[in-house]
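Structure first, commentary second.
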Amino acid sequence: MERPVEAATREIVNVWMTNGVPAAMLWGGRRWRVIDTPTRLHEEPDYVPPMVTQPPVWPQGWRFTASTAPGNSRVFDVRLIAEAWTIVVVYE
């Protein structure tokens, strides 16, 4: 399992999308370019009645690898919270 480098404290970032998928991000005063195919993060509702066998899932954000320069890459989980892109976790 990946080890979080830091749990970002809901830090708001700018995310640029291309065709509805993250392509770049501004974080820490630096532009991070997405270098893989982002994976959509989904979330199930907190409570689902037992008779519901396939609960709905909602798209909540993205996981992607981004880089500022060769050798400086990280994996980010970003979520749309209150209409702002927010870093939730950064992985080494």
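Residue numbering for the sequence shown follows my numbering, beginning at 734 and increasing consecutively.
Cβ atoms here follow ideal geometry from the backbone N, Cα and C, with glycine treated the same way.
Since we're looking at a predicted model, the values are computed, not measured.
Endpoints, the beta strand (DSSP E) within which residue i is located
i       : result
Arg-773 : 772-776
Tyr-780 : Note, Tyr-780: premise wrong, no beta strand (DSSP E); not H, not E.
Asn-747 : 747-751
Ile-820 : 817-824
Arg-743 : Element bounds for Arg-743: n/a, residue is neither H nor E.
Ile-814 : 805-814
Val-767 : 763-767
Pro-755 : 754-760
For residue j and residue i, the rounded distance between their alpha carbons
i       : j       : result
Arg-764 : Thr-751 : 15 Å
Ile-814 : Pro-803 : 30 Å
Gln-793 : Arg-812 : 6 Å
Trp-795 : Asp-779 : 20 Å
Val-754 : Ser-806 : 19 Å
Pro-771 : Ala-756 : 9 Å
Asp-769 : Ala-799 : 8 Å
Trp-749 : Tyr-824 : 20 Å
Gln-787 : Glu-776 : 13 Å
Among the options, nearest to residue i - alpha-carbon criterion
i       : options                      : result
Ile-820 : Leu-774, Thr-770 and Gly-753 : Leu-774
Val-767 : Val-781, Asn-747 and Pro-788 : Asn-747
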